[in-house]
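Visitor: So in the UniProt record's numbering, spot 328 of the sequence shown is number 328, and the numbers just go up one at a time.
Take this structure first; my questions come after.
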Amino acid sequence: MHPLQCVLQAQRCLRWGPLTSVSWLLLRTCRAHSGVRSSAGPSPERRQEDGVWKDFSSRLATGPTFQHFIRSASVPQEKPSTPDVEDPPPYLTVDDLLGRQRKGCMAERLKEEILNREKTVDILAGPDAYRDLPRLLAVAESGQKAANVLLSMDETYADVLPVQMSPSATSAFVSIMRGCDNMCSYCIVPFTRGRERSRPVASILEEVRKLSEQGLKEVTLLGQNVNSFRDNSEVQFNNAVSTNLSRGFSTNYKAKQGGLRFAYLLDQVSRIDPEMRIRFTSPHPKDFPDEVLQLIHERDNICKQIHLPAQSGSSRVLEAMRRGYSREAYVELIHHIRESIPGVSLSSDFIAGFCGETEEDHLQTVSLLQEVQYNMGFLFAYSMRQKTRAYHRLKDDIPEEVKLRRLEELITVFREEATKANKTFVGCTQLVLVEGLSKRSATDLYGRNDGNLKVIFPDVAMEDVTNPGLRVQAQPGDYVLVKITSASSQTLKGHVLCRTTLKDSVAYC
Ligand code: SF4
């Protein structure tokens, strides 16, 4: 079923006919974290191209048919001269909701440009407009252009169940919350995705149950700030229990209380199907209280893999970024996580060349990479975004060539350290969820271990531990045990031992 059909069905208003006769565009501002971010640094040409894309993305749009629009929409605007400009709120104001435009409103400006310049576009729907699609289609049917690009204060897509496009798919993403209240100074998310709001737990559990019934073996819980999850939909849970943060971490917002928290959700989700792996992304380091770490340690089907975005190794830069922690607090959390979850895989995000970053700050980031030895990393050169606090209050003063040089240095160190970290797997047996044929060799299969590292192994017949004596070839969705024989910064290689189950594998891994 087409994704748009699914949306309309959820709205109990499935009239597919009009879609064949109108051109339509959904602005995909809620692109799922597809796990395709690369740890490799982009070429200068690619980076420039990416800059255009990122800029466009930050303006609430994407779409390959709009290249000329992208270029014209990406012309840099003059920066306000006064340093005291107020930050715009990261959510809709009453004026926005009543349709009164704020001056320079991003979505409204895009609407005019797309509808007026793109004569082929009949419907323009923002990410939170899916419930309005029937009306938009009706307007388009009558020959008029229709648009709704307003961001909602409380939309969580709770009733839109996933569309399984490929019968051989082994995993799915489940959106559990949207938006972010953290207001890191470099980040556009609070302005494009709005303030934090979480889906009701019951709706998430129903979705995961359906995925389990469809035979999926892995679910990734998704959210801009996923471990900050807080379901306040049930009145009885709106109590005054205060929120536990990671030690040494603080928030940029007033402390929140009550609601069903991430540890509860993770516990409930992991109980649905013991053979289904559970992952989550992208978390904030501040929201890893002991109850979450303990649960990850105890529950076999919650992957021992934690993404812990550091962004910088310098406390001075972290403060300018408004991350709510120092380097020391972050490193202490790393030690605490490693003590609580032995064998945990760690990944992180880093930004090179943030406003005011000195060589000394940069070297501190290098040393953090060396100290932690992440298994995976996502590294970027800083690119200033309009609307952000940094745009209004800081100076993007690191020359492009310096940013790129620092990025290259970070990538080099990251790769060296990740290779060392991943080599510790050599000689170990890993449980691998098979995803399919290796792209580089028709005789190899690939899958992922618990730490989300890609594992490549020959496609040969093996024993099935649940059916002794039976020889089988691994299929997508099977769990297999692989003995690791070599490792690089990005992949593990090995030979397959047998097909197994997640439960039975615990004795071996
Ligand atoms: S970087 Fe992450 S935590 Fe910070 S504002 Fe953006 S989405 Fe929120």
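Even glycine gets a Cβ: it sits at the ideal position worked out from N, Cα and C.
Which value, in whole angstroms, describes the spacing of the CA atoms of residue 92 and residue 199?
Guide: Translated into positions along the sequence shown, residue 92 becomes position 92. Translated into positions along the sequence shown, residue 199 becomes position 199. Reliability fails at residue 92, whose pLDDT of 40 lies under 50, so the model's placement of it is uncertain and no value is given.
Visitor: Does the ligand SF4 have even one heavy atom less than 7 Å from the beta-carbon of residue 355?
Guide: Residue 355 sits at position 355 when you count from the first residue of the sequence shown. No, Cβ of residue 355 sits at least 7 Å from all heavy atoms of the ligand SF4.
Visitor: With H, G and I counted as helix, E and B as strand and the rest as coil, what does DSSP make of residue 275?
Guide: The sequence position of residue 275 within the sequence shown is 275, counting from 1. It is coil, neither helix nor strand.
Visitor: Suppose you measure from the CA of residue 353 to the CA of residue 381; what does that come to, to the nearest Å?
Guide: Counting from one through the sequence shown, the residue named residue 353 turns up at place 353. Counting from one through the sequence shown, the residue named residue 381 turns up at place 381. Approximately 6 Å, taken between the alpha carbons.
Visitor: Closer than 6 Å between the C-beta and any heavy atom of the ligand SF4: which residues qualify, listed along the chain?
Guide: 180, 182, 183, 184, 187, 189, 190, 224, 225 and 284
Visitor: Candidates 265, 192, 234 and 255: which alpha carbon is nearest residue 206's?
Guide: As a working mapping, residue 206 is identified with position 206 in the sequence shown. Of all alpha-carbon atoms in 265, 192, 234 and 255, the one lying nearest the alpha-carbon of residue 206 is that of 265.
Visitor: Would you report the Cα separation of residue 115 and residue 177, rounded to the nearest angstrom?
Guide: Along the sequence shown, one-based indexing puts residue 115 at 115. Along the sequence shown, one-based indexing puts residue 177 at 177. Separation of residue 115 and residue 177 (C-alpha to C-alpha, rounded to the nearest whole angstrom) is 30 Å.
Visitor: Is residue 395 helix, strand or coil by DSSP?
Guide: Taking the sequence shown and counting its residues from 1, one reaches residue 395 at position 395. Three-state DSSP puts residue 395 in coil, outside helix and strand.
Visitor: Which same chain residues end up closer than 6 Å to residue 299 when comparing Cβ atoms and leaving out the 5 residues on each side of it in sequence?
Guide: Translated into the one-based positions of the sequence shown, residue 299 becomes position 299. If we look at residue 299 and ignore the five residues flanking it on each side, its Cβ neighbours are 270.
Visitor: Could you check how far apart the C-beta atoms of residue 226 and residue 280 are, in whole angstroms? I think they sit under 8 Å.
Guide: Within the sequence shown, numbered from 1, the residue matching residue 226 stands at position 226. Within the sequence shown, numbered from 1, the residue matching residue 280 stands at position 280. Sure, about 5 Å apart at Cβ, within 8 Å.
Visitor: Looking only at its own chain, which residues have a Cβ that is under 8 Å from the Cβ of residue 465, when we skip the five neighbours before and after it?
Guide: Taking the sequence shown and counting its residues from 1, the one referred to as residue 465 is at position 465. Cβ neighbours of residue 465 beyond the five flanking positions: 498, 499, 500, 501 and 504.
Visitor: What's the C-alpha gap between residue 430 and residue 507?
Guide: Mapped onto the sequence shown, residue 430 falls at position 430. Mapped onto the sequence shown, residue 507 falls at position 507. Distance between the alpha carbons of residue 430 and residue 507: 11 Å.
Visitor: Between the Cα of residue 246 and the Cα atoms of 276, 204 and 284, which residue gives the shortest distance?
Guide: As a working mapping, residue 246 is identified with position 246 in the sequence shown. It is 284 whose Cα lies nearest to the Cα of residue 246.
Visitor: Return the bridge partner residues of residue 514 from the DSSP annotation.
Guide: Past the edges of the chain, shown from 1 to 509, lies residue 514, and the structure says nothing about it.
Visitor: Hey, out of 204, 319, 324 and 305, whose CA is closest to residue 255's CA?
Guide: Position 255 of the sequence shown holds residue 255. Nearest C-alpha to residue 255: 324.
Visitor: Checking the sheet assignment: what are the DSSP bridge partners for residue 218?
Guide: Residue 218 sits at position 218 when you count from the first residue of the sequence shown. 171 and 277, per the DSSP bridge assignment.
Visitor: Within 10 Å of its beta-carbon, does residue 364 have 16 or more other beta-carbons around it, so buried, or fewer, so exposed?
Guide: Here residue 364 refers to the residue found at position 364 when the sequence shown is read from its first residue. Answer is buried; the Cβ neighbour count reaches 16.
Visitor: If you measure between the beta carbons of residue 263 and residue 216, is that distance less than 8 Å?
Guide: Taking the sequence shown and counting its residues from 1, the one referred to as residue 263 is at position 263. Taking the sequence shown and counting its residues from 1, the one referred to as residue 216 is at position 216. Result no, Cβ atoms of residue 263 and residue 216 do not sit closer than 8 Å.
Visitor: Please name the residue, chosen from 317, 138, 274 and 395, that lies closest to residue 479 on a Cα-to-Cα basis.
Guide: The count along the sequence shown starts at 1 and reaches residue 479 at position 479. Closest option to residue 479, Cα to Cα, is 274.
Visitor: Would you mind working out which of 231, 337 and 415 sits nearest residue 304, comparing C-alpha positions?
Guide: Here residue 304 refers to the residue found at position 304 of the sequence shown. Among 231, 337 and 415, the Cα nearest to that of residue 304 belongs to 337.
Visitor: How about residue 322 and residue 185: are their beta carbons less than 8 Å apart?
Guide: For the purposes of this step, residue 322 is identified with residue 322 of the sequence shown, where counting begins at 1. For the purposes of this step, residue 185 is identified with residue 185 of the sequence shown, where counting begins at 1. Going by C-beta atoms, residue 322 is nearer than 8 Å to residue 185.
Visitor: Do the CB positions of residue 294 and residue 367 come within less than 8 Å of each other?
Guide: The residue labelled residue 294 in the question sits at position 294 within the sequence shown. The residue labelled residue 367 in the question sits at position 367 within the sequence shown. Against a cut-off of 8 Å, the Cβ pair of residue 367 and residue 294 comes out as no contact.
Visitor: Which of the three DSSP states is assigned to residue 382 in this structure?
Guide: Here residue 382 refers to the residue found at position 382 when the sequence shown is read from its first residue. Judged by DSSP in its simplified three-state form, residue 382 adopts coil rather than helix or strand.
Visitor: Name the two residues that bound the continuous alpha helix (DSSP H) containing residue 421.
Guide: Reading the sequence shown from its first residue, position 421 is the one you call residue 421. Element bounds for residue 421: 400 to 423.
Visitor: According to the neighbour-count rule (16 or more other Cβ atoms, all chains shown, within 10 Å of its Cβ), is residue 486 buried or exposed?
Guide: Numbered from its first residue, the sequence shown carries residue 486 at position 486. Classification of residue 486: exposed, given that the 10 Å Cβ count is below 16.
Visitor: Ignore the nearest five residues each way along the sequence and tell me which others in residue 314's own chain have a CB closer than 6 Å to its CB.
Guide: The count along the sequence shown starts at 1 and reaches residue 314 at position 314. Answer for residue 314: 361 and 364, listed in chain order.
Visitor: Do residue 477 and residue 434 have their CB atoms nearer than 8 Å?
Guide: Reading the sequence shown from its first residue, position 477 is the one you call residue 477. Reading the sequence shown from its first residue, position 434 is the one you call residue 434. Closer than 8 Å, so yes.
Visitor: Evaluate the contact criterion for the segment 395 to 409 versus the segment 455 to 473: three or more CB pairs, one atom per stretch, below 8 Å.
Guide: no
Visitor: Can you give me the start and stop residues for the alpha helix (DSSP H) that residue 204 sits inside?
Guide: Walking along the sequence shown from the start, residue 204 turns up at place 204. Run containing residue 204: 201 to 213, per the alpha helix (DSSP H) assignment.
Visitor: Report all residues from its chain with a CB closer than 6 Å to the CB of residue 201; omit the five preceding and five following residues, and keep chain order.
Guide: Stepping through the sequence shown from its first residue, residue 201 is reached at position 201. Same-chain partners within the cutoff: 231, 260 and 265.
Visitor: Mark residue 388 as exposed unless 16 or more other C-beta atoms lie within 10 angstroms of its C-beta, in which case mark it buried.
Guide: For the purposes of this step, residue 388 is taken as residue 388 along the sequence shown, with counting starting at 1. Residue 388 comes out buried.
Visitor: Below 6 Å CB to CB, which residues in the same chain sit around residue 376 once its five sequence neighbours on both sides are set aside?
Guide: To locate residue 376, count along the sequence shown from 1; it is residue 376. Hits under 6 Å: 347.
Visitor: For residue 73 and residue 290, I'd like the C-alpha separation in whole angstroms.
Guide: For this step, residue 73 is matched to residue 73 along the sequence shown. For this step, residue 290 is matched to residue 290 along the sequence shown. Since pLDDT at residue 73 reaches only 34, below the 50 mark, its modelled position is unreliable, and the value read off the structure follows with that caveat. Their Cα atoms are separated by approximately 46 Å.
Visitor: How should residue 35 be labelled, buried or exposed, when 16 other C-beta atoms within 10 angstroms of its C-beta is the threshold for buried?
Guide: For the purposes of this step, residue 35 is identified with residue 35 of the sequence shown, where counting begins at 1. Because residue 35 sits at a pLDDT of 31, beneath the cut-off of 50, its placement in the model cannot be relied upon, and the following sentence gives the value as read from the coordinates. Residue 35 is exposed by the Cβ-count criterion.
Visitor: Check for me: the beta strand (DSSP E) holding residue 305 runs from which residue to which?
Guide: The residue labelled residue 305 in the question sits at position 305 within the sequence shown. Residue 305 -> beta strand (DSSP E) spans 305 to 307.
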